[in-house]
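Just so you know, the protein sequences line up as chains A and B, in that order. Quick note on the working numbering: the first sequence kicks off at 258 and runs consecutively. Quick note on the working numbering: the second sequence kicks off at 258 and runs consecutively. Don't be surprised by glycine CBs; every beta carbon is placed ideally from N, CA and C.
Protein chains: 2
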Amino acid sequence: MSWTTTQVTAPAHRIDLGIGQPDPALLPADLFQQVSLEAPALAYGTEAGDERFRSALATWLNRRQTQPASAGNLLVTNGSSNALDMICTRFSQPGDTVLVEDPTYFIARRQLSDHGLTTIAVPMDENGVDILELAALIDQHKPAFFYTIPTFHNPTGITQSTERRAQLVALARDTGCPVVADEVYQYLYYDQPPPDPLASFDDRAPILSIGSFSKLLAPGLRLGWIQAPQAMLAPLIGSGLLASGGGLAPVTSSLVRPLLEDGRFDHHLSRLSDIYRRRLATLVQGLTDHLDDRLEWTTPKGGFFMWTHWRNGADTDAMLLRAHEVGVGFQPGQKFSASPEQASAMRLCFAFYDEAKLTQACERLSRL
Amino acid sequence: MSWTTTQVTAPAHRIDLGIGQPDPALLPADLFQQVSLEAPALAYGTEAGDERFRSALATWLNRRQTQPASAGNLLVTNGSSNALDMICTRFSQPGDTVLVEDPTYFIARRQLSDHGLTTIAVPMDENGVDILELAALIDQHKPAFFYTIPTFHNPTGITQSTERRAQLVALARDTGCPVVADEVYQYLYYDQPPPDPLASFDDRAPILSIGSFSKLLAPGLRLGWIQAPQAMLAPLIGSGLLASGGGLAPVTSSLVRPLLEDGRFDHHLSRLSDIYRRRLATLVQGLTDHLDDRLEWTTPKGGFFMWTHWRNGADTDAMLLRAHEVGVGFQPGQKFSASPEQASAMRLCFAFYDEAKLTQACERLSRL
């Protein structure tokens, strides 16, 4: 069996750690085997999304964040990519500059470019984005917004510290520069829970936190949300797109609401976290066993990705063809960054394959 | 019971013919009562949409159009509003001009404006857009595209003749100006079938035909399609949005595919057309009985809308408050056009209410 997915096509013999997606075997088909849609889910929904769904989601989120959100702070989206797309349409003009982290999620870059936006990369350290650099670039470029992945960052796995988040939120409030926080890995933690989502830090700051069920439940649902102060949601909710088509996900939100309410979602998420925790440990063990002397890495505490560097500075883009020959794959550093020091990086996803495959992949990587 | 819908809020005592939506009582909840999602529908889908769904849709469309389309000519969307949004992102730049019909669907105008586009209105006659005027405006403004509603036009109900369509397609091919055809009413005909959808006229012309299940089945599905030559679909399918999120509607397209394949969709559509045909006849009868001497109209042969004018040139925007007092509503002409002659127009929707309510509405309108 070979996988042809949205982002990657991999032949059956290759273990492609470049595939940054949930393992299809972990998709909870049992939760969607006997479902029934009521007539309200078939009608045009209200612009922000079904009120009952948003209330259930707010309740769920509020068990996991300090500052409570209400249904009025939530806009239902067709997943995080759709959220970023709408934000680009309503919060930027082509020709504008958008600040991103260095490195950053490569397809977010493509989405920004589709909207005619120029990206400038801001350096990160082990606690997240460099705030002084960010402040200077905001001052210099007056960007439309800053796009960040604060928790279990894609690709580096880094989580912004609470202190750094507070600084970032204060900077957003002081400068008025909106922060778009892509937090799709927020609830996939394998150690302590991460700091709160960015939008819950300060309801006066222009922060849009993007969440999604794609990694938590199933990407095919195309179901996510934006959490933000109401004033930040207003331009999105008041768009022609929503005035015409109504709420974005009446059907899929009606399928997920009962799972949020009765605990089946929590149960699934807990099981998923256990599996991913073991997969991460297996990947770390495999790298330690086979590549400890040649690779360096920091072990993430959640998410999907481990960011590794070849100690000898090898160019991973050039290495990919040889990797395919030995039956393994990864995402080369150049996809995420123009910085020369990232050219020796590989993003390895530990979510898509089971433990046996991950161990096998490490053995194959060691032949490079 | 009062209706709070996406576009209109109407108190229970008002019969608001301004609501341009399917009657909630006609939403086919029975078709979605016992459904089951298979794992593939839960995974990231391919960018253009599920192949099996697109094949089933192509088969369905090909029974209704002369030039056959293949799955490769179809892109699955989250309804027509999402389709127009994606087309704006990929086929225009803010500051560009877009040509629209005069009058045109008022929320499409808002969507274009959200993308920073300037609209210029092109006059219509009883066979659709004025081709000579359109050609002159294309030459003068080099628009990003021309947005048209060729079949059972919103708000006028006009259907472009076959000859006019051929002229329009030839103009698009000759000038390279893309035509975005919003054809969401194409399959709701109450007399003879209308001419083929615009995209099926000439596969070398830059035509994007937008279709949707919102009016044919249920708006909450957020499921539609774009039919176009593959070269026109390529920028959409190759977008960062789809590279990141994958196909737009894996779940809802998997719910609708079996209905397309086993004839339940056809059966529903046939029943729906019968009901709407009777509602249209009832509205015409009511207007004839109560308002023949004061209103003029052309009876449409499909769709949702009847476009009427007060013979005395009364301003319908100013009239709306009084209409609400007598318990009736409509969409005033000014929403659709800046032309003075449309200020006396009302768009009346005959899809949302049953026959008794439509008769009652006419009686109430006669009190104005």
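Measure the alpha-carbon distance for residue i versus residue j and round it to whole angstroms.
i: Leu615(B); j: Thr416(B); result: 24 angstroms
i: Pro297(A); j: Phe403(A); result: 37 angstroms
i: Thr261(A); j: Thr419(A); result: Since pLDDT at Thr261(A) reaches only 48, below the 50 mark, its modelled position is unreliable, and the value read off the structure follows with that caveat. In a straight line, the C-alpha of Thr261(A) is about 39 angstroms away from that of Thr419(A).
i: Gly560(A); j: Asn411(A); result: 8 angstroms
i: Ser339(B); j: Ile364(B); result: For the sequence presented, residue 339(B) should be read as Asn rather than Ser. If you take the alpha carbons of Asn339(B) and Ile364(B), they lie about 12 angstroms apart.
i: Ser259(B); j: Pro454(B); result: Here Ser259(B) scores only 47 on pLDDT, less than 50, and its place in the model should not be relied on; the value that follows carries that caveat. If I take the Cα positions, the gap works out to 36 angstroms.
i: Pro380(A); j: Arg321(A); result: 29 angstroms
i: Asp396(A); j: Ser370(A); result: 22 angstroms
i: Leu517(A); j: Asp546(B); result: 54 angstroms
i: Ala618(B); j: Gly543(B); result: 8 angstroms
i: Ser312(A); j: Lys558(A); result: 29 angstroms
i: Pro268(A); j: Cys606(A); result: 17 angstroms
i: Arg624(B); j: Asp382(B); result: 31 angstroms
i: Leu274(B); j: Phe609(B); result: 8 angstroms
i: Glu553(A); j: Ala538(A); result: 16 angstroms
i: Thr376(A); j: Ala488(B); result: 28 angstroms
i: His524(B); j: Asp287(B); result: 13 angstroms
i: Ala282(B); j: Asp431(A); result: 51 angstroms
i: Met343(A); j: Thr405(A); result: 16 angstroms
i: Leu548(A); j: Arg347(B); result: 44 angstroms
i: Ala562(A); j: Asn569(A); result: What sits at residue 562(A) in the sequence shown is Phe, not Ala. The straight-line gap from Cα to Cα measures roughly 22 angstroms.
i: Arg521(A); j: Leu341(A); result: 28 angstroms
Leaving aside the five residues before and after residue i along the sequence, list all residues of the same chain whose C-beta is less than 8 angstroms from its C-beta, in chain order.
i: Thr303(B); result: Gly503 and Gly504
i: Pro486(A); result: Asn330, Ala456, Asp460, Arg461, Ala462, Pro463 and Ile464
i: Ala429(B); result: Phe403, Pro435, Val436, Ala462, Pro463 and Ile464
Thinking C-beta only, is residue j closer than 8 angstroms to residue i?
i: Ala378(A); j: Val355(A); result: no
i: Ile467(A); j: Gly481(A); result: yes
i: Gln350(B); j: Pro351(A); result: yes
i: Gln424(B); j: Tyr301(A); result: no
i: Ala315(A); j: Ala305(A); result: no
i: Leu578(B); j: Gly477(A); result: no
i: Thr408(B); j: Pro451(B); result: yes
i: Phe289(A); j: Arg514(A); result: no
i: Thr413(B); j: Trp564(B); result: yes
i: Gln368(B); j: Leu374(A); result: no
i: Val508(B); j: Leu294(B); result: yes
i: Ser527(B); j: Tyr447(B); result: no
Leaving out five residues on either side along the sequence, give the residues of the same chain with a beta carbon under 6 angstroms from the beta carbon of residue i.
i: Gln591(B); result: Asp574 and Ala600
i: Arg535(A); result: none
i: Leu284(A); result: Ala475
i: Arg271(B); result: Gly584 and Gly586
i: Gln588(A); result: Gly275 and Arg604
i: Arg621(A); result: Val583, Gly584 and Val585
i: Leu490(A); result: Leu332
i: Ile388(B); result: Gln424
i: Ser471(B); result: Gly336
Name the chain A residues that come within less than 8 angstroms of residue i, Cβ to Cβ?
i: Ser312(B); result: Chain A residues near Ser312(B): none, gap ~16 angstroms exceeds 8 angstroms.
What residues from chain A crowd round residue i, counting only those whose CB sits closer than 9 angstroms?
i: Arg604(B); result: The premise fails here: Arg604(B) is roughly 15 angstroms from chain A at the closest Cβ pair, so nothing lies under 9 angstroms.
What residues from chain B crowd round residue i, counting only those whose CB sits closer than 9 angstroms?
i: Gln443(A); result: Per Cβ cutoff of 9 angstroms: no residues; Gln443(A) is ~18 angstroms from chain B at best.
i: Ala393(A); result: By Cβ distance, chain B contributes nothing, its closest Cβ being about 28 angstroms from Ala393(A), past 9 angstroms.
i: Arg347(A); result: Asp371
Let me check you understand the geometry: is the CB of residue i closer than 7 angstroms to at least one non-hydrogen atom of the ligand SAM?
i: Phe310(A); result: By its list of ligands, the structure shown contains no ligand whatsoever, and the ligand SAM lies outside what it can speak to.
At a CB-CB cut-off below 7 angstroms, which residues of chain A make contact with residue i?
i: Ala296(B); result: Pro281, Leu284 and Ala286
i: Ile364(B); result: Gly497, Ala500 and Ser501
So which residues on chain B does residue i lean against when the C-beta distance must stay under 7 angstroms?
i: Gly560(A); result: Ordered by position in chain B, no residue passes the 7 angstroms Cβ test against Gly560(A), which lies about 16 angstroms from the chain.
i: Pro351(A); result: Gln350 and Pro351
Suppose the cutoff is 7 angstroms on Cβ atoms and the five residues either side in sequence are ignored; what does the same chain contact list for residue i look like?
i: Asn384(A); result: Gln417, Ser418 and Arg421
i: Pro325(B); result: Asn319
Please compile the residues from chain B whose C-beta is within a distance smaller than 8 angstroms of the C-beta of residue i.
i: Ala506(A); result: Arg479
Contacting positions in the segment 322 to 345 of chain B - beta carbon closer than 9 angstroms to chain A: Asn335, Gly336, Ser337, Ser338, Asn339, Leu341, Asp342, Met343 and Cys345
Closer than 7 angstroms between beta carbons: that is the criterion. Which residues of the segment 276 to 293 of chain B meet it against chain A? Gln278, Pro281, Leu284, Ala286, Phe289, Gln290, Gln291, Val292 and Ser293
Taking beta-carbon pairs under 9 angstroms, can you tell me which members of the segment 508 to 542 of chain A lie near chain B? Val508, Thr509, Ser511 and Leu512
Closer than 7 angstroms, Cβ to Cβ, to anything on chain B: give me those residues from the segment 473 to 498 of chain A, in chain order. Ala475, Pro476, Gly477, Leu478, Arg479, Ser496, Gly497 and Leu498
Using a beta-carbon distance cut-off of less than 8 angstroms, what residues from the segment 366 to 384 of chain A approach chain B? Arg366, Arg367, Gln368, Leu369, Ser370, Asp371, His372 and Gly373
Between the segment 413 to 424 of chain A and chain B, which residues of the former have CB atoms less than 8 angstroms from a CB of the latter, in chain order? none
At a Cβ cut of 9 angstroms, what residues of the segment 564 to 597 of chain B count as close to chain A, listed as they run along the chain? none
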